[in-house]
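Take the sequence shown: its position 233, counting from 1, is numbered 521 in the numbering used here, and each next residue is one higher.
The structure under discussion appears below in the form of structure tokens.
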Amino acid sequence: PRGAAIAIVLLGFTAAVAAFLLLVIPEIVRDIAGVAKELPGHVQRGLVRLEPILKQQGIQLPSTTDEWVAQLKSKSDSISASQLAPVGDALKALIGGTVSAFGAVFGALIVPILAVYLLADFDRMISGARELVPLRLRESVESVAGEIDHTLSQFMRGQLTVMLILAVLYGGSYWLLGVRLAIPIGIAAGVLNFVPYVGGAFAVVAGISMSLIGGGGIAQIAGVVIAYVLGVQALEGFVITPRIVGESVGLREIWVLLALFVGGEVFGFLGVLLAVPAAAVLKIFVSRALAHYRESLVFLGPADGI
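And the structure:
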């Protein structure tokens, strides 16, 4: 029964989220707390290394807290309003980001409620939309809509599979390299990979930052860059996404790459985001147009008709 099916889906999703919060989040919080505890020491050692260089440039760093306070106080008297403008902009951005975060949390709480109503009424909504289609077009519209629905569903499944694979690759490679917070970075990079370039950019920046904070040295930073460029990104760009997403929507690897290239060149970031599903939908109409052409008199006409 549909009601039981909805309950099973929502309870299963809630159980998965609860397991993640209970099993994974404590480890992530522990790692973050460890990094935060070590951060002041890393900052202090960095300042010690920078001090000789700054002295050569005539810059004297304060050595005590009182000296820092006194220097900041002396500088504050000479700061003009125009110099304070960037600070005000940063505060506005911080407040705006906080409001946006609360809005996102509220939206996340609304999603399960909307999901229940949509799952319960989806068939009636589709039936109502179907009744609005003219009778002479209803069969063809239903056929095209069903094929598009199937293709986009396959695209979403393929994209989620790619996100999971990349989370494992990023987290596993960084863990082998000894990078701090390797697993959280891998999970975040995999989730953010739904937006092209964002997941990869986050992975490399976070990996290098954690290598610097954790004192991994040049070797670990080089390992992060190599794993990112030659490992994960090469596999993701030329193997994982074209094969998994391309096969899920019925597109060959070359068409997936071409769609991403054309979408990025013509529409920029939004084009890259929508290139593959748009190409998959376009393929449906092109295939139907070719089938109609092969059944037409233009294609099947007599040889002596010219």
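Ideal Cβ positions, reconstructed from N, Cα and C, are used throughout, including at glycine.
* Asked: Cβ of residue 454 within 8 Å of Cβ of residue 487?
  -> Going by C-beta atoms, residue 454 is nearer than 8 Å to residue 487.
| If you draw a straight line from the alpha carbon of residue 569 to that of residue 320, how long is it in whole angstroms? | 43 Å
Below 8 Å on the Cβ atoms is my guess for residue 495 versus residue 462; work out the distance and round it to an integer in Å.
6 Å
The alpha helix (DSSP H) spanning residue 424 covers which residue range? 423-465
| Buried or exposed by the 16-neighbour rule on C-beta atoms within 10 Å, applied to residue 413 | exposed
- prompt: How about residue 478 and residue 451: do their beta carbons lie closer than 8 Å?
  reply: yes
Check your understanding: Can you tell me whether DSSP reads residue 555 as helix, strand or coil?
Key -> Per DSSP, reduced to three states, the secondary structure at residue 555 is helical.
message = By the DSSP assignment, the alpha helix (DSSP H) with residue 308 in it spans what residues?
response = 290-311 is the span of the alpha helix (DSSP H), which, as asked, contains residue 308.
Worksheet item: Any idea what DSSP makes of residue 483, helix, strand or coil?
Response: In the three-state reduction of the DSSP assignment, residue 483 falls in the coil class, being assigned neither a helical nor a strand state.
### Message
Taking its Cβ as the centre, do 16 or more other Cβ atoms sit within 10 Å of residue 520, making it buried, or is it exposed?
### Response
buried
Skipping 5 residues on each side, what residues in its chain have a beta carbon closer than 7 Å to that of residue 327?
-> 501
Practice task
Could you round the C-beta distance between residue 298 and residue 400 to whole angstroms and report it? I think they count as a contact, below 8 Å.
Solution key: Residue 400 and residue 298 do touch by the CB rule: their CB atoms are close to 6 Å apart, below 8 Å.
Cβ of residue 404 less than 8 Å from any chain B Cβ? Among the chains in the structure shown there is no chain B, since it carries only a single protein chain.
Nearest-angstrom Cβ-Cβ length linking residue 468 and residue 312, presumed shorter than 8 Å = Rounded, the Cβ-Cβ distance is 16 Å, inconsistent with contact.
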